[in-house]
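Okay, so the sequence shown: first residue is 19 according to my numbering, each after it adds one. Glycine is no exception: its CB is placed at the ideal position from the N, C-alpha and C atoms. As the structure is a computational prediction, the values presented were derived from the model and not from experiment. Below is one structure; the comments refer to it alone.
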Amino acid sequence: EDIAKEFGSQCMVLSIEAKQINTNKWTPLTESGREKTGLDVCDWAKRGEDLGAGEILLTSIDREGTSTGFDLLLIEKVSRSVNIPIISSGGFGCLKDFDAGVASGASAIAIADALHYGKLNIKDLLEYRSSIEL
Numbered sequence: 019e020d021i022a023k024e025f026g027s028q029c030m031v032l033s034i035e036a037k038q039i040n041t042n043k044w045t046p047l048t049e050s051g052r053e054k055t056g057l058d059v060c061d062w063a064k065r066g067e068d069l070g071a072g073e074i075l076l077t078s079i080d081r082e083g084t085s086t087g088f089d090l091l092l093i094e095k096v097s098r099s100v101n102i103p104i105i106s107s108g109g110f111g112c113l114k115d116f117d118a119g120v121a122s123g124a125s126a127i128a129i130a131d132a133l134h135y136g137k138l139n140i141k142d143l144l145e146y147r148s149s150i151e152l
């Protein structure tokens, strides 16, 4: 809250690491995924927005590093619960995951793993981006 007041919400990004706890429910974890909060991820996201977060970096702990695609239901639920942009993280595996992530409510997609490990390069990314309608 203090950061948002001092510098503006556009400077405050709330990072949420979400762990699925049953079919339709996720909980945010803290301390790099080591500590359970016992709270609902959508309630956590709304609270962050109320405190001044300007966007959310939403990472699916279950999908992180798997390259199996984003947790689309998680993205959908969180994006419907807040009025700020969502950056989806955790699970990107191929260029088609862009479409699915955005269709589920993400405003942006994090793809660091694919770039760091050479699964994707900037040229491929730019070519794909220019071939789709945004």
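Through-space distance from residue j to residue i, alpha-carbon basis
{"i": "Asn161", "j": "Ala22", "result": "A question about residue 161 goes unanswered here, because the residues of the chain that appear run from 19 up to 152."}
{"i": "Asn139", "j": "Gly87", "result": "18 Å"}
{"i": "Glu53", "j": "Ala121", "result": "31 Å"}
{"i": "Phe25", "j": "Trp44", "result": "30 Å"}
{"i": "Ser50", "j": "Lys95", "result": "22 Å"}
{"i": "Asn42", "j": "Glu73", "result": "23 Å"}
{"i": "Asp61", "j": "Gln38", "result": "15 Å"}
{"i": "Leu92", "j": "Lys64", "result": "14 Å"}
{"i": "Arg147", "j": "Val100", "result": "27 Å"}
{"i": "Val59", "j": "His134", "result": "28 Å"}
Assumed close pair residue i, residue j - CB separation to whole angstroms, cut-off 8 Å
{"i": "Ile153", "j": "Ala130", "result": "Given a span of 19 to 152 for the chain in the structure shown, any question on residue 153 remains unanswerable."}
{"i": "Gly109", "j": "Glu82", "result": "7 Å"}
{"i": "Glu67", "j": "Ile102", "result": "5 Å"}
{"i": "Thr77", "j": "Glu35", "result": "5 Å"}
Under 9 Å between C-beta atoms of residue i and residue j
{"i": "Leu75", "j": "Ser33", "result": "yes"}
{"i": "Ser107", "j": "Ala128", "result": "yes"}
{"i": "Leu113", "j": "Ile79", "result": "no"}
Neighbourhood of residue i by C-beta distance below 7 Å, restricted to the same chain and skipping five residues each side
{"i": "Lys141", "result": "none"}
{"i": "Ala132", "result": "Phe110, Leu138"}
Nearest neighbour of residue i, chosen from the options [CA to CA]
{"i": "Ser149", "options": "Ala126, His134, Phe116", "result": "Phe116"}
Own chain, CB closer than 6 Å to residue i, minus 5 neighbours either side, in chain order
{"i": "Glu70", "result": "The sequence as given places Gly at residue 70; Glu does not occur at that position. Result list for Gly70: Glu19, Ala22, Ser27, Met30, in chain order."}
{"i": "Ala126", "result": "Ile105"}
Contact set for residue i: own chain, Cβ-Cβ below 8 Å, skip 5 residues either direction
{"i": "Thr55", "result": "Thr45, Pro46, Leu47, Thr48, Trp62"}
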